[in-house]
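Top to bottom, those sequences are chains A and B. First residue of the first sequence? That's 994 in this note's numbering, and the numbers climb one at a time after it. First residue of the second sequence? That's 5 in this note's numbering, and the numbers climb one at a time after it. Just so it is clear, CB atoms sit at the ideal spot from N, CA and C, and this is done for glycine as well. Since the model is a prediction, treat every value here as computed from it, not as a measurement. Working notes, structure below.
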Amino acid sequence: MGEFIQFTLNGLMAGTIYALIAVGIVSVFKATKVVNFAHGYIIMFGAYFYFTFSVIVPGAEWAPDWLQSWEPAWMVAMKADLPMFSPMGAVLDWLSNLPRILLGLTGAVICNALLGLLIERTLMRPLIGQSTFAMIMITVGLISVMSGTKGLIWTADAEFVPHIAPNTPIRLNLFDTPIFLFGADLVNVAVALLLFGAIVAMVRYTKSGVAIRATAEDQSTAYSMGISVPRVFSRAWVLAATTGAIAGAILATRNGVSPSLGLFGFSVLAIVLMGGLDSYVGVFIAALTVGFLEAMAQWQFGGEFAEVVPYIAVLIVILIRPHGLFGQKEVERI
Amino acid sequence: MITGDLKATYAADERVLNNSYKQTFVLAMAALCALMPFIANDYIILVASQMGIMLIAVVGVNVVIGYTGLLSLGHAAFMAIGAYSIPILHRLMESIGLPDGIMPFLAIPGAIAISAIIGIIVGLPSLRVKGLYLAVATLSANFIIIFLIELEAFAPWTGGLVGLNTPDPNILGWQLDTQREMFALIAALAFITILAIQNLFRTRVGRAFIAIRERDYSAEILGISLFRYKLMSFAISAACCGLAGALFAYFYARILPEQFELALSLQLVAALIVGGMGRTMGPVFGVMVIVMVPEVLKFTFGMVAGGAAEVVQLRAPVQEIIFGLLIIFFLMFEPLGINQLVDRGIRALNRWPFARG
Chain A
994 MGEFIQFTLN GLMAGTIYAL IAVGIVSVFK ATKVVNFAHG YIIMFGAYFY FTFSVIVPGA
1054 EWAPDWLQSW EPAWMVAMKA DLPMFSPMGA VLDWLSNLPR ILLGLTGAVI CNALLGLLIE
1114 RTLMRPLIGQ STFAMIMITV GLISVMSGTK GLIWTADAEF VPHIAPNTPI RLNLFDTPIF
1174 LFGADLVNVA VALLLFGAIV AMVRYTKSGV AIRATAEDQS TAYSMGISVP RVFSRAWVLA
1234 ATTGAIAGAI LATRNGVSPS LGLFGFSVLA IVLMGGLDSY VGVFIAALTV GFLEAMAQWQ
1294 FGGEFAEVVP YIAVLIVILI RPHGLFGQKE VERI
Chain B
5 MITGDLKATY AADERVLNNS YKQTFVLAMA ALCALMPFIA NDYIILVASQ MGIMLIAVVG
65 VNVVIGYTGL LSLGHAAFMA IGAYSIPILH RLMESIGLPD GIMPFLAIPG AIAISAIIGI
125 IVGLPSLRVK GLYLAVATLS ANFIIIFLIE LEAFAPWTGG LVGLNTPDPN ILGWQLDTQR
185 EMFALIAALA FITILAIQNL FRTRVGRAFI AIRERDYSAE ILGISLFRYK LMSFAISAAC
245 CGLAGALFAY FYARILPEQF ELALSLQLVA ALIVGGMGRT MGPVFGVMVI VMVPEVLKFT
305 FGMVAGGAAE VVQLRAPVQE IIFGLLIIFF LMFEPLGINQ LVDRGIRALN RWPFARG
């Protein structure tokens, strides 16, 4: 029972990160009707930008020392007094890493936003009004371009990056079995949930959110109502790219940066289709479900089975409910 | 110069090679392929064999994407099934004591049939969903099939992660153990596949596929059973990919599961888009470009760097970028592919000097 709870918690925590990634795909789809197959690679770029600004740049010769490791006198004094493996020690370690973490996050968000703008401007905007097939296939082409570009810029594989929060282990006792949680994981979940909530609220209540929803409903009507549809498009792409940057940074702290982060996007795409392409709620539920199922598969059958869980789940859901659990059925006119 | 579409009989109208240009072109190509094993050097034979294998697969992809309009991103899985069927079937036939000489005659149709059956299963979601949902469903199928091949439990049959050694085909005592001999087989089968698929689109089945591509609801109203024809389309295209996979297994000494991952599926689709969807010659042009890109890169990198390790390791990423850019370029500027460019060129030549374009 204790093991079950441990795996469930792990799964749900992974699920919230899936949800954060999925939000990017859903936002772009809602605004532009394009399903971004390359979203995983945008996340990968976010992770590599985080790696660049939090590891490579502080490690450079011209960078000030405090950027690499910030150790004022009081912190050294405090560290000296602490026993090994104390929670306070983890917090202090995190504090001395804080400058480069902040630099990494800002750098990743800004660079990824620029990347999103670039993609939207050069590839998506010329195709407004073209068939969806062309747009989807362009994002498929983008997969190759981005993974190749990554190989040209960054040759490092499976490098580790600083956690974005103090990584204190937390031990609980439930049903007589110890359960381990890590501080950084909890903060990741909190960040993911906050961002997810903020985006849903933004789409529902703010002016630009209304513009996104109106564009989703009918592009030409939205245009004639004075909404600048191209601007809505670029806003959606920037939104997707920035949430992708943060998701990428979080994923990088969990498993290190590697090109396999790009493949992650496909399982999230499966989750998005499972939940319904245009429903934030559905996608959130699907993300948690898949996270849970993956953890169960890992527990019962072993790690390699976890990889195919999203794909099997999406096949089953698509066969039963073609538009996902909560998706709107498309009305097709002949 | 063709002055008009002048046909006196129905038989003339229905011919596959309906004008003298096509006849000359096809005959010349057939003659070239027949001569190549005798005159070409080893390198050309290797590249041409790769093209032949890819060509058969892309012709199959063309049936589903180009003619039936069902977006599939999982065709590498069918190639994997075709490829893995060969050593497994060979082993089965050995265990019942069949002579080597007739094994390919059973193994190749067997591989095609298994792929077609899997194709029907993978095509099942196409009855419920289309467009992007189908793309993701086929993509998922690709991941799942590769996962099953890599699975430890099936490793005695599939070799798991480390792959499998494949046998050389032995046709009635003629052991095809050099690439030159394999090329003859590949070229012959590629020719047959293209002609068969081209012929398919003069029949009721092929016209039903095209009707489904244009508007599936309208096709259904006209009395075309979507259930039957969508699955048939998947089965035919999977069969072609299965044949390509079988030849792949015969051609190379060893097959690995990672060769059939998403990258190959994307390559197949890229070849189709670059060449031109829904046209007979589309796959041919597309495959030429897609197979030549790595070779040309190898050549240029060899010339520029002369073997410097730092430069050589940049080749794989550059190749990926070029594949992606090719897809994007053709979708944005020439969605009908090279085939359209060639058509335009031929038309201009044909009308010259009376009119342009």
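Return the residue from the list A:I1192, A:L1244 and A:G1033 that minimises the CA-CA distance to L1135 of chain A. As a first step, residue 1135 of chain A is located in the first sequence; it is residue number 142 there, counting from the start. Checking every option, the nearest Cα to that of L1135 of chain A belongs to A:G1033.
For P1162 of chain A, which of helix, strand or coil comes out of DSSP? Looking up residue 1162 of chain A in the first sequence gives position 169. Looking at P1162 of chain A - three-state DSSP - the assignment turns out to be strand.
Taking any Cβ of chain B, which residues in the region 1141-1159 of chain A have a Cβ under 7 Å from it, in chain order? For the region 1141-1159 of chain A, the set of residues with a beta-carbon nearer than 7 Å to any beta-carbon of chain B comprises G1141, T1142, G1144 and L1145, in chain order.
Fully enclosed by the region 250-285 of chain B, which alpha helix (DSSP H) runs are 4 residues long or longer? 266-279
Going by the beta-carbon positions, is the gap between I69 of chain B and L318 of chain B smaller than 8 Å? Locating residue 69 of chain B in the second sequence gives position 65, where the first residue counts as 1. Locating residue 318 of chain B in the second sequence gives position 314, where the first residue counts as 1. No.
Beta carbons nearer than 7 Å to chain A: which residues of the region 332-349 of chain B have them? So the list reads I332, L335, M336 and P339, given in the order they occur along the chain.
Taking a cut of 7 Å between CB atoms, which residues from the region 288-321 of chain B lie near chain A? L318, A320 and P321
Specify, as a first and last residue, the run of the beta strand (DSSP E) that F1175 of chain A falls within. Within the first sequence, residue 1175 of chain A is the residue found at index 182, counting from 1. Taken as a continuous stretch (DSSP letters only), the beta strand (DSSP E) holding F1175 of chain A covers T1170 to F1175.
What does DSSP give as the partner residues of N174 of chain B in its beta bridges? Here the question's residue 174 of chain B lines up with position 170 in the second sequence. For N174 of chain B, which the question treats as bridged, DSSP gives the partners B:Q179.
Does the count of Cβ pairs from the region 258-271 of chain B and the region 18-25 of chain B closer than 8 Å reach three? no
Nearest chain A C-beta to I153 of chain B closer than 8 Å, yes or no? As a position in the second sequence, residue 153 of chain B is number 149, starting the count at 1. By this cut-off, I153 of chain B is not an interface position.
Check whether the Cβ atoms of A1204 of chain A and I1220 of chain A lie closer than 8 Å to each other. In the first sequence, the residue the question calls residue 1204 of chain A occupies position 211. In the first sequence, the residue the question calls residue 1220 of chain A occupies position 227. Taking 8 Å as the Cβ cut-off, A1204 of chain A and I1220 of chain A qualify as a contacting pair.
Cβ pair G1320 of chain A, D1271 of chain A closer than 8 Å: Against the first sequence, residue 1320 of chain A aligns to sequence position 327. Against the first sequence, residue 1271 of chain A aligns to sequence position 278. Less than 8 Å divides the Cβ of G1320 of chain A from the Cβ of D1271 of chain A.
Reduced DSSP secondary structure (H/G/I, E/B, other) of V1250 of chain A: Mapped onto the first sequence, residue 1250 of chain A falls at position 257. The answer is strand: DSSP assigns V1250 of chain A an E or B state.
Comparing the C-beta of Y233 of chain B with each C-beta of chain A, is any distance below 8 Å? Here residue 233 of chain B is taken as the residue at index 229 of the second sequence, counted from 1. No, Y233 of chain B lies away from the interface with chain A (no Cβ there is under 8 Å from its Cβ).
Assuming contact is defined by CB atoms lying nearer than 8 Å, are N146 of chain B and G73 of chain B in contact in what I supplied? Locating residue 146 of chain B in the second sequence gives position 142, where the first residue counts as 1. Locating residue 73 of chain B in the second sequence gives position 69, where the first residue counts as 1. Their beta carbons are not under 8 Å apart, which means N146 of chain B does not touch G73 of chain B by this criterion.
Contacts of Y1304 of chain A in chain B (Cβ-Cβ under 7 Å): Against the first sequence, residue 1304 of chain A aligns to sequence position 311. Within chain B, the residues near Y1304 of chain A are S144, F147 and I148.
Using 8 Å as the Cβ pair cut-off and three pairs as the minimum, do the region 277-285 of chain B and the region 333-341 of chain B touch? The region 277-285 of chain B is in contact with the region 333-341 of chain B.
Contact between the region 1264-1278 of chain A and the region 1156-1164 of chain A (3+ Cβ pairs under 8 Å): Counting Cβ pairs under 8 Å, fewer than three are found: no touch.
Nearest by alpha-carbon distance to A1194 of chain A: which of A:A1040, A:V1274 and A:N1105 is it? The sequence position of residue 1194 of chain A within the first sequence is 201, counting from 1. Distance from the Cα of A1194 of chain A is smallest, within the candidate group A:A1040, A:V1274 and A:N1105, for A:V1274.
Apart from the five residues just before and just after E1210 of chain A, which ones in its own chain have a Cβ nearer than 7 Å to its Cβ? Residue mapping note: residue 1210 of chain A aligns to position 217 of the first sequence, counting from 1. If you ignore the 5 residues before and after E1210 of chain A, its C-beta comes within less than 7 Å of no other C-beta in its own chain.
Element boundaries [alpha helix (DSSP H), containing T1045 of chain A]: On the first sequence, position 52 is the one that residue 1045 of chain A refers to. Here T1045 of chain A belongs to no alpha helix (DSSP H), and DSSP marks it neither H nor E.
Going along chain A in order, which residues have a C-beta closer than 8 Å to the C-beta of E324 of chain B? Here residue 324 of chain B refers to the residue found at position 320 when the second sequence is read from its first residue. Those are S1137, V1138, S1140, G1141 and G1144, listed as they occur along chain A.
Report the residues of the region 68-100 of chain B with a CB closer than 8 Å to any CB of chain A, ordered along the chain. L75 and L77
For V1283 of chain A versus P1303 of chain A, is the C-beta spacing smaller than 8 Å? Working through the first sequence from its first residue, we reach residue 1283 of chain A at position 290. Working through the first sequence from its first residue, we reach residue 1303 of chain A at position 310. In this structure, P1303 of chain A lies closer than 8 Å to V1283 of chain A by Cβ.
7 Å Cβ cut-off: residues of chain B touching P1119 of chain A: Here residue 1119 of chain A is taken as the residue at index 126 of the first sequence, counted from 1. Those within 7 Å of P1119 of chain A in chain B are M336.
Tell me, please, which residues DSSP counts as bridged to N169 of chain B. Here residue 169 of chain B refers to the residue found at position 165 when the second sequence is read from its first residue. Beta-bridge pairing links N169 of chain B to B:R258.
When you compare each of A:G1052, A:F1022, A:L1002 and A:A1279 to R1093 of chain A by their alpha carbons, which one comes out closest? Taking the first sequence and counting its residues from 1, the one referred to as residue 1093 of chain A is at position 100. Residue A:G1052 is the option with its Cα nearest to R1093 of chain A.
Alpha carbons only, please: which of A:Q1293, A:G1141 and A:F1175 is nearest the one belonging to H1156 of chain A? Here the question's residue 1156 of chain A lines up with position 163 in the first sequence. The option with the nearest alpha carbon to H1156 of chain A is A:F1175.
Can you tell me the Cβ-Cβ gap for A253 of chain B and A87 of chain B, rounded? I've got them flagged as a contact below 8 Å. Along the second sequence, read from residue 1 onward, the residue named residue 253 of chain B stands at position 249. Along the second sequence, read from residue 1 onward, the residue named residue 87 of chain B stands at position 83. Confirmed, about 4 Å.
Neighbouring residues, chain A, relative to P129 of chain B (Cβ below 9 Å): For the purposes of this step, residue 129 of chain B is taken as the residue at position 125 of the second sequence. L1308, I1311, L1312 and P1315, listed in chain order.
Within 8 Å (strictly less), CB to CB, does G280 of chain B reach chain A? On the second sequence, residue 280 of chain B is found 276 positions in, with the first residue counted as 1. For G280 of chain B, the nearest beta carbon of chain A is not closer than 8 Å to its own beta carbon.
Run of the alpha helix (DSSP H) containing G1275 of chain A, from where it starts to where it stops: On the first sequence, residue 1275 of chain A is found 282 positions in, with the first residue counted as 1. G1275 of chain A -> alpha helix (DSSP H) spans Y1273 to Q1293.
Taking contact to mean at least 3 C-beta pairs separated by less than 8 Å, is the region 1116-1133 of chain A in contact with the region 1183-1190 of chain A? Touching, no, given that fewer than three Cβ pairs across the two stretches are closer than 8 Å.
E1152 of chain A in three-state terms, based on DSSP: Locating residue 1152 of chain A in the first sequence gives position 159, counting from the first residue. DSSP places E1152 of chain A in strand when its eight states are reduced to three.
Which residue from B:L226, B:K302 and B:P91 puts its Cα closest to that of A212 of chain B? Counting from one through the second sequence, the residue named residue 212 of chain B turns up at place 208. Cα-wise, what sits closest to A212 of chain B is B:L226.
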